[in-house]
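Student:
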Amino acid sequence: MIVAITCAVLAACSNAWGTVLQRRAATTTPESHSPLGLVGNLVRNPVWLGGILGVVGAALFQALALDYGTLAAVQPVFILELPLALVFGSLVFRVQVSRKAWGCVAAIFAGLAISLFSAAPAGGRAQVPGMWWIPTIAATGAVGAALVLVGLRRPHGLARAACLAAAAAVGNALTAALVKSAMQILSRHGATAFFLAWQTYGFALVGSCSIVLLGYAMQGGPLIASQPALTLGDAVVSFCLGVTLYAESPRRGMWLLPALFGVALLSYGVVTLSRTRCLAKCVDRDTEEAEQQAARPAATAM
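Our numbering puts the first residue of the sequence shown at 155, with every later residue one more than the last.
(1) Please work out which residues of its chain come closer than 6 Å, Cβ to Cβ, to L312, disregarding the five sequence neighbours upstream and downstream, and give them in chain order.
(2) For a test of the three-state rule: what should DSSP assign to S362, helix, strand or coil?
(3) Could you tell me the distance, in whole angstroms, from the CA atom of Q338 to the CA atom of R405?
(4) Pull the bridge partners of A276 from the DSSP assignment, please.
(5) For the candidate residues L225, G211, V163, Q373, whose alpha-carbon lies nearest to that of V390?
(6) Where do the N-terminal and C-terminal ends of the alpha helix (DSSP H) with R342 fall, by residue?
(7) Which first and last residues belong to the alpha helix (DSSP H) in which F415 is found?
(8) Keeping to the same chain, check which residues put their C-beta closer than 6 Å to that of V241; ignore five residues upstream and five downstream.
(9) Looking at the secondary structure, which residues open and close the alpha helix (DSSP H) in which P237 lies?
(10) For E402 versus G277, is the C-beta spacing smaller than 8 Å?
(11) Given a threshold of 16 other Cβ atoms within 10 Å of its Cβ, counted over all protein chains shown, does R314 qualify as buried or as exposed?
(12) Any idea if Q447 is buried or exposed, counting beta-carbon neighbours within 10 angstroms, 16 or more meaning buried?
(13) Can you grab the Cα-Cα spacing for the pair A452 / L350, in whole Å?
(14) Just the C-alpha distance for G257 and G423, rounded to the nearest angstrom, thanks.
(15) If you follow the alpha helix (DSSP H) that F215 is in, where does it begin and where does it stop?
(16) How many Å lie between D440 and R178 at the Cα?
(17) Does the distance from the CB of L427 to the CB of I156 come in under 8 Å?
(18) For V259 and T346, I'd like the C-alpha separation in whole angstroms.
(19) With L234 and L420 assumed to form a contact (beta carbons below 8 Å), what rounded beta-carbon distance in angstroms separates them?
(20) From R342 to S335, what does the alpha carbon distance come to, in whole angstroms?
(21) Can you check which of these residues, C161, W202, T160, is closest to Q176 by C-alpha distance?
(22) Between the beta-carbon of L301 and the beta-carbon of A327, is there less than 8 Å?
(23) Roughly how many whole angstroms lie between the Cα atoms of A170 and A293?
(24) Alpha carbon to alpha carbon, what distance is there between G172 and A166?
(25) How many angstroms separate the CA atom of R308 from the CA atom of C394?
(26) Are C161 and A219 closer than 8 Å when you measure CB to CB?
(27) By how many angstroms is the C-alpha of A322 removed from the C-alpha of V111?
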């Protein structure tokens, strides 16, 4: 389990860095009404490509983590993306991190450590029966589609970004479940079976859709809305899939008390951090730069 958690932490670091770079690129990329148009605009941006490299590195570490550990234990570690995104964002956007924000970061790390140690999900099945995937994909697909429809109908702002990021989080959780299944096939039956398994192409398709949704979320509103919805949503849905789909068992009895305390501390840190001014400035300063660039041609024309 130590190897799994270590790989998960490295994946969170890589994904946080990639997310910040994608946010930087999304705010300076022309909007598009079609997914293909958005992807085409982003691909021509080297900053976005750097963000994608971070996402690819995160996917590799995530695959290793899921191969060694349980879904319910590995995926919640990705909550660390939020404080790590703050740290990386402060470097990219040149914003000083306040003491309150550092306190929130400490609360998130402590809450995650307490909750994972107390819950300690273990056991479970190595592979999911084929028929169980049908209701799982149908349920997660319905929830994701509903979030996308609600988000696209909202104007640019917190609600739009949060809904689209939450939809991306559902996709990320389903992707992780499929990756775990595909990695088990690779470990037990080799590369040929891995590339012939539908789970391999399933996680590639769902993961790609999640990346596109995250791009829309980044353009739809500030990082303070999209990042908490992305990280917390991924953790919650993944934990549920681990317990139900993979039959992983968390500790019960008296262990529930420290686990709930850890979740409460973690939630406090996430919610409070998302409201700190230093995190908001990472977005506002970048938005201000984009508005100034857009105003310069008009001023020149006058």
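All C-beta atoms in this analysis are idealised placements derived from N, C-alpha and C, irrespective of residue type, glycine included.
Tutor: Checking against the coordinates, here is how it stands:
(1) G375, A379
(2) In the structure shown, S362 sits in a helix (DSSP, three-state: H, G or I).
(3) 24 Å
(4) S403
(5) L225
(6) 312-343
(7) 410-428
(8) Spatial neighbours of V241 in its own chain (CB-CB distance under 6 Å, excluding positions within 5 residues in sequence) are not present.
(9) Boundaries of the alpha helix (DSSP H) harbouring P237: 235-246, taken from the DSSP string.
(10) yes
(11) buried
(12) With a pLDDT of 46 at Q447, under the threshold of 50, the predicted position of this residue should be treated as unreliable, though the coordinate-derived value follows. Exposed, because fewer than 16 other Cβ atoms sit within 10 Å of the Cβ of Q447.
(13) Bear in mind that the predicted position of A452 carries a pLDDT of just 43, short of 50, making it unreliable; the figure below should be weighed with that in mind. Near 55 Å, if we compare the C-alpha coordinates of L350 and A452.
(14) Using only the alpha carbons, I get a separation of about 8 Å.
(15) For F215, the enclosing alpha helix (DSSP H) covers residues 200-222.
(16) Annotation note: pLDDT 42 at D440 (below 50); position unreliable, no value reported.
(17) no
(18) V259 and T346: Cα-Cα distance of roughly 43 Å.
(19) Not really, about 10 Å apart at Cβ, beyond 8 Å.
(20) 11 Å
(21) Considering only alpha carbons, the answer is W202.
(22) no
(23) 28 Å
(24) Their backbone Cα atoms lie some 10 Å apart in a straight line.
(25) C-alpha separation (whole angstroms): 28 Å.
(26) yes
(27) With the chain covering 155 to 456 only, the question about residue 111 has no answer from this structure.
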